[in-house]
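Number of protein chains: 2
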Amino acid sequence: MPELRKDPIVGRWVVIAPERAKRPDHRDESGFVEAQFDPFAEGHEHATPSEILAYRNPGSQPNGPGWRVRVVPNKFPALQVEGNLDKRGDGIYDMMNGIGAHEVIIECPHGETNMSRLSIDNIREVLWVYRDRLVDLKKDRRLVHALIFKNKGAQAGATLPHSHSQLIATSVVPISIWDEMTGALEFYNYRGRCIFDDMIQQELANGSRVVLDTPNFLAICPFASRFPFETWILPKQHSSHFENIPRGGIEELGSVMKTVLRKLDLALDDPPYNYVIHTAPFDAGELPHFLWHIEIFPRLTRVAGFEWGSGFYINAVPPEQAAAFLRDVAVDLP
Amino acid sequence: MPELRKDPIVGRWVVIAPERAKRPDHRDESGFVEAQFDPFAEGHEHATPSEILAYRNPGSQPNGPGWRVRVVPNKFPALQVEGNLDKRGDGIYDMMNGIGAHEVIIECPHGETNMSRLSIDNIREVLWVYRDRLVDLKKDRRLVHALIFKNKGAQAGATLPHSHSQLIATSVVPISIWDEMTGALEFYNYRGRCIFDDMIQQELANGSRVVLDTPNFLAICPFASRFPFETWILPKQHSSHFENIPRGGIEELGSVMKTVLRKLDLALDDPPYNYVIHTAPFDAGELPHFLWHIEIFPRLTRVAGFEWGSGFYINAVPPEQAAAFLRDVAVDLP
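Each protein sequence line maps, in turn, to chains A and B. In this text, residue positions in the first sequence follow the numbering used here: the first is 164, and each later residue adds one. In this text, residue positions in the second sequence follow the numbering used here: the first is 164, and each later residue adds one.
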């Protein structure tokens, strides 16, 4: 059973998951795990655990071909679905059982490696799947938060090239979300406004860090970007929970995601990247001080060890330059 | 001029340093920057900026051969020494000039790549240099903190193989230090004790995560280790500032460092790693709630992109297993 442990000094939670050590680790030249075939491809459904959800064509059978987007449990999960939390302490230390969900969202049936080359409709369905999984997991009272993220490319931590994202639902709030919520609440208590909404106003007025501006979304390279070409996508209508996004929002976000990822691919020659959706905890109602958003980090630099130890980032590309470059990259959407 | 920018939501400072983009970036097969020769070797002193400090043999001249440990400015500094802070704001954003020191500590005159193979006396002199640089930089009232760190190996972010560490002194406190101080102060206010001292007591009583126990230092794999074989070295005598370490402390710490690094090298086959010294800000007096310490992170896994975005770490090696393994690795010191 994996274990959740809390750092007693800073309050960061860590999953100690010895089962993960069993993951295959023979990497091929490209850095991916060596595989005889693509376990995420249509027709290879037997190679994954049984599906949790799939958007299927009429007449197709679960765990067979005929799907467009498919969600399965991670074969080497960091957390375990069954069991009780069993919260406990030992002197200054706090821990609990590693209960949670660790799912893989397979974004397409064919062997595409790059989300930006999926059709807009395909990307929209991926976003709908994100929403559906959050709505479903929220019903489990043991869980308080879910992180949706993507590792694209071996250097970004992916073990398989087939385009996919992941979801980790936990019984605790990850510290990055907690820190954002705490900082945003402080601002709200002091100024009476949501800091994210203020940020959107200021970025629109300034313009220099704007990558894409659509009726309901804004993509920017943030003022204090940690990494070259770091890009955030924020909804203009205040909402703290991604899963409350309306149908029209998903429609528009699909083309925003496609455009932004395509711009990054064209500007940086298909870089490895990660993205994370930051959304408020399940057990919070709509929060006036927090805004869900997507953070995208191209993985261009190696200089990261020092940053891990200090939280102090050195970024050689001013976000204004990155945003100007990305604005100028032309993307033709069908 | 580099610029320090504050993330308005979480308060993290970032250095925007376009000058750093000029660093050579042609990597050879081993991942290091291609070089005709070793600029850190004795006899190549002209290849670095003029030295700030060197421990020299009698009769040798500055910027010539005859040194044992040598400190020079980073050739591509993230921060600039000359100038005023010029703190300013723009709406929700805060920024200031990127004033600070970025120094390289060249740990030995010969082409050794691995600190654990330096003599204990050599390592002691490196630690003395750390202390001397902190004592000196502390006099600059524009600076409030200095981070000493090492990137060992290309995968850990090093650009050159010659054994070296770095120092970045800043006009702001890095967020990781801030978070630790805040968490430790909360514990102190609540319990009336230093959480690090409590941790040392509990680790000694429990024993399962102890790597090395000497009269004045304790090396452990921490309870909530983020990375496999993460190891911390803590002084048993309470002290918040590394630069206040007594001569006897450095003597003992030299052999502790050598032993711990050698154990990691033998256990993990000379892994790339980072270490960071966490020490209290210059402008704080001795703090009863904070303890300086060294955090060492072997860089064994790639799965780090998601962690960047969430602060949520998944570690497949329980620290108890790592510590037992490291305890069992025999290291013969001369």
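We put the beta carbon where it would ideally sit given N, CA and C, even for glycine.
As assigned by DSSP and simplified to three states, the class of Phe-460 of chain A: Strand, per DSSP.
field: Helix, strand or coil at His-209 of chain B [DSSP, three-state]
entry: His-209 of chain B falls in the helix class under three-state DSSP.
query: Residues of chain B with CB under 9 Å from Gln-365 of chain A, in chain order?
result: What Gln-365 of chain A touches in chain B: Asp-253, Gly-254, Ile-255 and Tyr-256.
- request: Could you tell me which residues DSSP pairs with Gly-252 of chain B in its beta bridges?
  value: DSSP, once it has assigned bridges, lists B:Asp-257 as partnering Gly-252 of chain B.
message: Distance cutoff 7 Å, beta carbons only. Does Asp-433 of chain A sit that close to anything in chain B?
response: No, no contact with chain B.
message: I'd like to know if Pro-444 of chain A contacts chain B, where contact means its C-beta is closer than 7 Å to some C-beta of that chain.
response: Judged by the 7 Å Cβ criterion, Pro-444 of chain A is not in contact with chain B.
message: Output needed for Gly-316 of chain B: all residues of its chain with C-beta closer than 6 Å, excluding positions within five of it in sequence on either side, in chain order.
response: The beta carbon of Gly-316 of chain B is closer than 6 Å to those of Pro-435 in its chain, skipping five residues each way along the sequence.
field: Tyr-353 of chain A classed as buried or exposed, judged by whether at least 16 other C-beta atoms fall within 10 angstroms
entry: Its Cβ having fewer than 16 others within 10 Å, Tyr-353 of chain A is exposed.
task: Give me the Cα-Cα distance between Ile-311 of chain B and Phe-350 of chain A, rounded to the nearest whole angstrom.
output: Approximately 32 Å between the Cα atoms of the pair.
C-alpha gap between Ile-281 of chain A and Thr-464 of chain B, whole angstroms: Rather than Ile, the amino acid found at residue 281 of chain A in this sequence is Leu. Cα to Cα, the separation comes out at about 29 Å.
- prompt: What first and last residue would you give for the beta strand (DSSP E) that runs through Arg-219 of chain B?
  reply: That run of the beta strand (DSSP E) goes 216-219.
- request: Could you tell me the distance, in whole angstroms, from the CA atom of Glu-458 of chain A to the CA atom of Gln-224 of chain B?
  value: Taking the straight line joining both Cα atoms gives about 52 Å.
query: Which residues, taken in chain order from the stretch 171-187 of chain B, show a beta carbon closer than 7 Å to some beta carbon of chain A?
result: Flagged, chain order: Pro-171, Ile-172, Val-173, Gly-174, Arg-175, Trp-176, Val-177, Val-178, Ile-179, Ala-180, Pro-181, Arg-183 and Ala-184.
- prompt: Do you know how far the Cα of Ala-204 of chain B is from the Cα of Thr-211 of chain B?
  reply: In this structure, the alpha-carbon of Thr-211 of chain B lies about 10 Å from that of Ala-204 of chain B.
task: For chain A, find out if any of its Cβ atoms is closer than 7 Å to the Cβ of Ser-473 of chain B; answer yes or no.
output: By this cut-off, Ser-473 of chain B is an interface position.
- request: Determine whether the Cβ of Asp-295 of chain A lies closer than 7 Å to any Cβ atom of chain B.
  value: Interface with chain B (7 Å Cβ-Cβ cutoff): Asp-295 of chain A is excluded.
query: How big is the Cα-Cα spacing for Tyr-218 of chain A and Arg-233 of chain A?
result: Those two C-alpha atoms are separated by around 7 Å.
- prompt: Which one or two residues does DSSP pair with Leu-427 of chain A in a beta bridge?
  reply: Answer is none; Leu-427 of chain A lacks a bridge partner.
- request: Taking Lys-426 of chain B and Val-492 of chain B to be in contact with their CB atoms under 8 Å, please state how far apart those CB atoms are, rounded to whole angstroms.
  value: Between Lys-426 of chain B and Val-492 of chain B a beta carbon distance of about 5 Å is seen, short of the 8 Å cut, so the two are scored as contacting.
Under 7 Å by beta carbon: chain A residues contacting Ala-486 of chain B: Going along chain A, no residue has its Cβ under 7 Å from Ala-486 of chain B, so there is no contact; the nearest lies around 13 Å.
task: Compare the C-alpha of Ser-371 of chain A against each of A:Phe-386, A:Tyr-293, A:Asn-379 and A:Asp-433 and name the closest.
output: Ser-371 of chain A has its Cα closest to that of A:Phe-386, out of A:Phe-386, A:Tyr-293, A:Asn-379 and A:Asp-433.
query: Is Gly-412 of chain B buried or exposed, if buried means 16 or more other CB atoms sit within 10 Å of its CB?
result: Gly-412 of chain B sits buried, since 16 or more C-beta atoms from the chains shown fall within 10 Å of its C-beta.
- request: List the endpoints of the continuous alpha helix (DSSP H) containing Ile-396 of chain B.
  value: Premise fails: Ile-396 of chain B lies in the beta strand (DSSP E), 394-398, not in any alpha helix (DSSP H).
field: chain B within 7 Å of Leu-310 of chain A, Cβ atoms only
entry: Yes, contact with chain B.
- request: Entirely within the stretch 400-425 of chain A and at least 4 residues each: give me those alpha helix (DSSP H) ranges in chain order.
  value: Segments of the alpha helix (DSSP H) lying fully in the stretch 400-425 of chain A: there are none.
- prompt: What span of residues does the beta strand (DSSP E) with Val-298 of chain A cover, start to end?
  reply: Judged by DSSP secondary structure, Val-298 of chain A falls outside any beta strand (DSSP E) and instead within the alpha helix (DSSP H) spanning 283-300.
message: Spatial neighbours of Asp-170 of chain A within its chain, please: C-beta separation below 8 Å, excluding the five flanking residues on both sides.
response: Within its own chain, the residues whose Cβ lies closer than 8 Å to the Cβ of Asp-170 of chain A, once the five positions on either side in sequence are excluded, are Trp-176 and Val-177, listed in chain order.
- prompt: So, using beta-carbon positions, are Glu-270 of chain B and His-327 of chain B closer together than 7 Å?
  reply: Result yes, Cβ atoms of Glu-270 of chain B and His-327 of chain B sit closer than 7 Å.
query: Given Ile-358 of chain A, which residues of its chain have a CB within under 8 Å of its CB, disregarding the five upstream and five downstream residues?
result: Scanning its chain for C-beta atoms nearer than 8 Å, with the 5 sequence neighbours on each side dropped, one finds around Ile-358 of chain A the residues Gly-346, Ala-347, Phe-350, Tyr-351 and His-452, in chain order.
Spatial distance of Ala-486 of chain A from Val-494 of chain A (CA atoms): In a straight line, the C-alpha of Ala-486 of chain A is about 15 Å away from that of Val-494 of chain A.
Cutoff 6 Å; reference Trp-395 of chain B; Cβ partners in own chain excluding five residues on either side: Residues of the same chain with a CB within less than 6 Å of the CB of Trp-395 of chain B, apart from the 5 flanking positions on each side, are Ile-383, Pro-385, His-456 and Glu-458 in chain order.
- request: Closer than 7 Å by C-beta to Glu-366 of chain A: which residues in its own chain qualify, once you throw out the five before and the five after it? Chain order, please.
  value: So the list reads Arg-372, Val-373, Leu-381 and Ile-383, once near-sequence residues are dropped.
field: For Asp-121 of chain A, three-class secondary structure by DSSP
entry: One cannot answer for residue 121 of chain A here, as it falls past the ends of chain A, which runs 164 to 497.
task: Alpha carbon to alpha carbon, how far is Gln-243 of chain A from Val-298 of chain B? Give it in angstroms, no decimals.
output: Going by the C-alpha atoms only, they are around 50 Å apart.
- request: Determine the DSSP secondary structure at Glu-166 of chain A, reduced to helix, strand or coil.
  value: Of the three classes helix, strand and coil, the one that applies to Glu-166 of chain A here is strand, per DSSP.
message: On the CB-based measure, 16 or more other CB atoms within 10 Å of its CB, does Gln-318 of chain B come out buried or exposed?
response: Residue burial is scored here from C-beta neighbours: Gln-318 of chain B has at least 16 other C-beta atoms within 10 angstroms and is therefore classed as buried.
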